[in-house]
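Take a look at the structure set out below.
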Amino acid sequence: MYDKFLWIFLAFTGYVRSESYSEELFIKPLATGYVYSFFQFTIVREDNAFRHSSLFPHSLGDIINRFHVDELNVDLTSGLWRHKSWGYPAVDAPSGAEISARFHNDTIDVNKNWYGLTNALSGLLCTSLNFINSANSYESSADRVYRYSNLPRENVCTENLTPWKKLLPCDSTRGLSSLLNSGHVHNANYHSLGIHFRPLCNAGKCKYELRQTVSLVYDSTFISLNNNYDWSLRKMFGTGLFKTCPLADFSKLYIDTSSNSSVPYLLSQEPDYFLKDNIAVYNLISIFHLSAVVPRPKIAVSELRPLLYTDRFITGFGQEYGGLVTRIYNEHRLPVTAKVIENIPWFLPIYYHTLIVSSNGVRVNPKALIYKPGKGRIRIYYLEIVLELAPRSVTEISVQFDYVFLKWQEYPPDANHGFYIGSAIVEVTIPRHATSLTFDKSFIADNLNSSEADYLICLKTENFIITLPTPDFSMPYNVICLACTVVALAFGPIHNITTKRLKLTTAKYVPGLASILQKLYMWVENIALSKKINKVGNSAAVKVYAPEELSYHPTLGHVSEEFMNNQVYISYTKKWPLLKH
Amino acid sequence: MGLLTDPSVGHGALTSIFVRHHNRFCILMYIASVVLFCMLAHDSFSSQTYFSENALLPGLVKGQLNDNTGSSFKDHYRELKAEAQYFETETPHSYLISKFKNLRLETYSHNFTLNYPLKKNTKYTGRNVYGILRAPRSASIESIVLSIPYRAPSSVFPNTLPGLAVMFQIAQFFRQQMYWAKDIIFLVTEHEQLGMQAWLEAYHGTCCGSPGVLDSGKLSGRAGAIQAAINLEIHSEKIDHIDIKLSGLNGQLPNLDLVNLAHRLCNKESVRHTFNNVDGGAIGRNKVNTYYTNLSTMLSMVMTQATGVPDGNHGLFHRFGIEAITLEGYEKKGRGIYVSVLQVGRVIEGMFRSLNNLLERFHQSFFFYLLPSTDRYVSIGLYMPCLVLLVGALFLKAFSTWIQHSSEHKLGDSLSKQATISEHLNVGVVSLITLGTHVLGLILLPNFAPAYFTYFWDHISTHRALLMGYGLLSFIIVCIMPILMKKCLNSFKVSNWVLLHVICLLELGIGLLCVSMHNFSLGYLTALVYVLPAIFTSSSQNKIGVKFLWLLVHPMCSLIWITAIITYMAYPELQIVDYLTKVIEASGQWMALSTVDNLVYGNWAFSISVLLLLPVWTSFWCLMFLPTNLPQKYKTE
């Protein structure tokens, strides 16, 4: 009996051997007291049919299969990666949501698949990716089947982390993913969730790799209890590691100790071995905890200044003229070729003739330039510039734009907050040795041993908001209120005048209890008053209600005396006590 | 135009009453305007301030800034004083940078150069230091600024070191907090407003004044769109009161919500707070006293605003759509209860936490208002009628003049049919005069004339050269125009110059309206000076008294007598000779400052006087001396 099960199990696992899974965590203390931790969960499988899988998430596999996706990158980020002081991240993602996909070459209607994919993913990850349409996505100039879009306004929160964790083979119960507690993840200064699917082809034979990544940057101010730059797993993630994922081929923790030379720090456990002399590696097998004691440097650490970094901002004030400036700083001693992609939304029409590319203040000609003008509500302004950045230079790309008036439904809620403009992309190939760490291989350890010469980095610049001319949205509300009041007030009289006829009748007076009492009161009062008047000898007060004076009715106009007599009676009875005083 | 050309207009009973008594009506309107303006300070015209923007949630949290964690205020202040003493005349840049870095802020410095526009090859350089507190989890798309002008011990202005020490303490405290949603920029500027302007221009990558004058340099660190700014000037450890300053460049004001926020939080932290150094509230004052206090506060605000010169570094932010105010802490002299810097720190903490709550930039509440007290405001709907009455007087005058003329003209037509309208109105001469006076104004713009004047009188100081240049030119115009008009235009004799008169009146009226749309105070004060003499003018045969009155309100003369009044109020004890020299010197300095303000900051007070007042004045002056003959009908009679 057991044998039979064993055989089935073995057959099953034998089939599944086409998939492999690993968990890695990379921790690097950054300058100025920040700690960068990068989680990578990698699944590599041999086919992309997804009829059956035991590790690869089924829900994602179905989507990839259905929409003929060849390569997919989704990043959900909160915060901004500060290249200038933190260097390069493993995966560079702009703030908000970013998605790019490459479909199979034989796909006929790429757009249909693209919208289908984004809609499916928005359901899978609880994001607003369904807002992606032709007005905020672009296709690459060189690649027909490539689509890219970013949603800078997207807020990333727990509702994205939970479905993301469900894609993992061990969910969040075991393994490194048990460290990802939403309370602690969202307390980080920067966090970014990623899903990266790509084919790895070598000599016609393809493997398919899915990397789920999390980048977190913690500020030691908040995690260290003292004034030092201390950190530990518990301080960062709220818990240590209790169980490793049994489905993983290996679980490893890497710690970059290269800053040890300037700021010595102490790890609570000896690492299992070192890679490249300064990467401490721990094989995670069972319960594990780690802490580091890092003294705060006496002199404030100056910025890291990586090889290349960018800066992007808008110029001008008011809503008359605006300019968009992207600066690329090249600190390398050699010239570097960079590709800059600006995707500017349609509501920010740029003027191509104002495009100026200058290097250190001198105007230069770009090596290549592709410009696809935008179209209102349909297409973004796409600008692709290939440049050679001079050694140790600042290259500036500036272009002027207009502030447009939108239709009133096109304003987002909180219209006066401003409109988000997404990041530009700068793609640069730099020598591999110029950056301390690279992350383009399936496993972190592979990167460290790589012998390739070049490394492609993809810098995402900062987002910004602009204020378009915004109408006063409370004004229609006020107008509606006012108009409704006027209509309501006017309706009654107009309705009466148009639908009713005035007819003179003698008032039939039916005495009720109240009116009898009132009458009685009047009578008593009249007697008292007449006595008073008699005493004073002034009878003029009575004259006010002479019928010939009152034959003009205030609302009905001239009416017969008979009618007025009845009216006078009523007004007499009602108004007399008031008039007396 | 229909109103002015329709022949049937001007025969109604009401119109004829207006036309007949227009001068009386105009004077009545003038008086009504002044009375109404004075009434504005009364409680029945001003209303209680309130918060329009609910997101601010002022004072919802308890101030937590204290002296217990990290370095205390005293430590920072002692350190800073020692450093400041070491650099007698300079800013200790490297100290500030290392201080910001130690507080774990992203620290940058910014260099700028001023090419002094009135002297060739004169340059001034400066350097600002700023640190950015990056809000966790946010993408640096919005920020708030806390700025302090650094003043070296040798500066003539009161020192701001206690404020800077407070800033350090606030930065240290803010750095520990998780709740920031917007980046916070801590900015220390040099050279007063110049440094601030340079920083703002560099931040926005623009140039506001004349190109090439202020080289604002480049910034390497930014933090998105600035939502609000607070400028801090605290002169002592023991503070008597905090004065909240608003007036910005060209009379721009910050959003009233921000002003209210400051007052409300001062109240909460029991910090004595004032506006124009006058306490708010009516406690301990009777009704009459309250009214006078309110009136004087409002008038002092109008005076400050009318100059168009910001009364603190905050004033330069307004142009960029950034709401900003200055909190100035005055020293407590003598003994008694004082406000501690920590209390002020908590006020600032409260303000920043409120501003941090903002979802949208300031767009509610008022941008145009007058403040008679710390807690009352006069809205634009109430103060605009004052100016409308003044301008209305000008329009009524123009209207009546035209109607009178057209009815006379009809009379004349029946006598002599051959006179056409163009001959009657002398369109050619009138347009020549109007054009000429405006061209003159253009030439005298601060971008052109001052540089020539200073170049020509190279050996004397700038302000004297300017005063001499403009004075001499004005004098020549004043003298030459009557002769020119009398001699050259004798052949164009007509009964009256109604077209020129109407054009002048309308231009003055429209110009004043436009000015007051931007800067009510300037518009209103100018109207007060110019409307009355303009009403007294007539299209022919002006009396010598009117001419003399008009001469008195020549822009240059106005400048001198206004300076004379201010000087007398400031130094009543001066001898007559000293007094006159002082007035002349001050006038010259005012001109020089105004010119430089225009070239560096883009202040348009000088441009208005040269582009609007001077041409209108000159046109009126021409009108008074244009040759006229008595109308035909009088002759025949």
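Protein chains in written order, with the UniProt record's numbering: chain U, 1 to 581; chain Y, 1 to 637. Heads up, the beta-carbon is just placed ideally off N, CA and C, and yes, glycines get one too.
Neighbourhood of Y:Gly224 in chain U, by CB distance below 9 Å: Phe313, Glu462, Asn463, Phe464 and Ile465, in chain order. Excluding five sequence positions before and after Y:Ala586, the CB atoms of its chain that fall closer than 7 Å to its own CB belong to Thr563 and Thr567, given in chain order.
Bridge pairing for U:Trp231: U:Ala292 [DSSP].
Residue-level contact by beta carbon holds for U:Val325 and chain Y, with a gap shorter than 9 Å. Considering only beta carbons, the part of the stretch 27 to 52 of chain U lying closer than 9 Å to chain Y consists of Thr32 and Gly33, in chain order. Proximity of the stretch 264 to 281 of chain Y to the stretch 483 to 495 of chain Y falls short of the contact definition, fewer than three beta-carbon pairs being nearer than 8 Å.
Put simply, the backbone Cα of Y:Glu269 is about 25 Å away from that of Y:Gly315.
Any Cβ of chain Y closer than 9 Å to the Cβ of U:Ala415 would place that residue at the interface, and such an atom is present. In the structure shown, U:Ser393 falls within a strand segment according to DSSP collapsed to helix, strand and coil. Just measuring C-alpha positions, the residue of Y:Ser538, Y:Tyr455, Y:Pro533 and Y:His318 sitting nearest Y:His405 is Y:Ser538. Contact annotation, Y:Phe320 with Y:His204: C-beta distance approximately 6 Å; criterion of less than 8 Å satisfied. Judged by beta-carbon spacing, U:Leu324 lies within the 9 Å limit of U:Ile344, meaning their Cβ atoms are closer than that value.
Contact of U:Thr221 with chain Y is assigned, a C-beta pair being separated by under 9 Å. Around the Cβ of Y:Tyr50, a 10 Å sphere holds fewer than 16 other Cβ atoms; the residue is exposed.
Contact between the stretch 435 to 442 of chain Y and the stretch 612 to 619 of chain Y is established, with three or more Cβ pairs separated by less than 8 Å. Here Y:Trp180 is buried. Its C-beta has 16 or more other C-beta atoms within 10 Å. When the five nearest sequence neighbours on each side are left out, the beta carbons in the same chain lying within less than 6 Å of the beta carbon of U:Lys28 are those of Tyr36 and Asp256, in order along the chain. When the Cα atoms are used, Y:Leu253 and Y:Ser247 turn out to be separated by approximately 6 Å. Look at U:Ala528 here: in three-state DSSP terms it is helix. Not one beta carbon of chain Y lies nearer than 9 Å to the beta carbon of U:Asn343. Contact note: Y:Ala229 does not reach chain U at a C-beta cutoff of 9 Å; the least C-beta distance is about 14 Å. Residue Y:Leu505 holds the alpha-carbon nearest to the alpha-carbon of Y:Phe399 among Y:Val430, Y:Met384, Y:Tyr369 and Y:Leu505. Counted as a single uninterrupted DSSP element, the alpha helix (DSSP H) harbouring Y:Thr15 occupies residues Ala13 to Arg20.
Contact annotation for Y:Gln176 against chain U: Thr221 [CB-CB distance below 7 Å, chain order]. A Cβ-Cβ contact shorter than 9 Å links Y:Ser619 with Y:Ile433. Here Y:Glu90 is exposed: its Cβ has fewer than 16 other Cβ atoms, across all protein chains shown, within 10 Å. Bounds of the beta strand (DSSP E) holding Y:Arg376 are Arg376 to Ser379. The C-alpha of U:Arg312 lies about 14 Å from the C-alpha of Y:Glu142. For U:Ser215, the uninterrupted beta strand (DSSP E) run begins and ends at Lys205 to Asp219, by DSSP. DSSP places Y:Ile185 in the uninterrupted beta strand (DSSP E) bounded by Asp183 to Thr189. Following the DSSP letters along the chain, one finds Y:Asp257 in no beta strand (DSSP E) but inside the alpha helix (DSSP H) bounded by residues Leu256 to Lys268. Under a criterion of Cβ atoms nearer than 7 Å, the residues of chain Y adjacent to U:Leu80 are, in order, Ala139 and Ser140. Bounds of any beta strand (DSSP E) do not take in Y:Lys74; it lies within the alpha helix (DSSP H) bounded by Phe73 to Tyr86. C-alpha of Y:Ser607 to C-alpha of Y:Phe368: approximately 22 Å in a straight line. Excluding its 5 nearest sequence neighbours in each direction, Y:Glu331 has C-beta neighbours in its own chain below 6 Å: His235 and Ser236, listed in chain order.
DSSP places Y:Lys333 outside any alpha helix (DSSP H), giving it a letter other than H or E.
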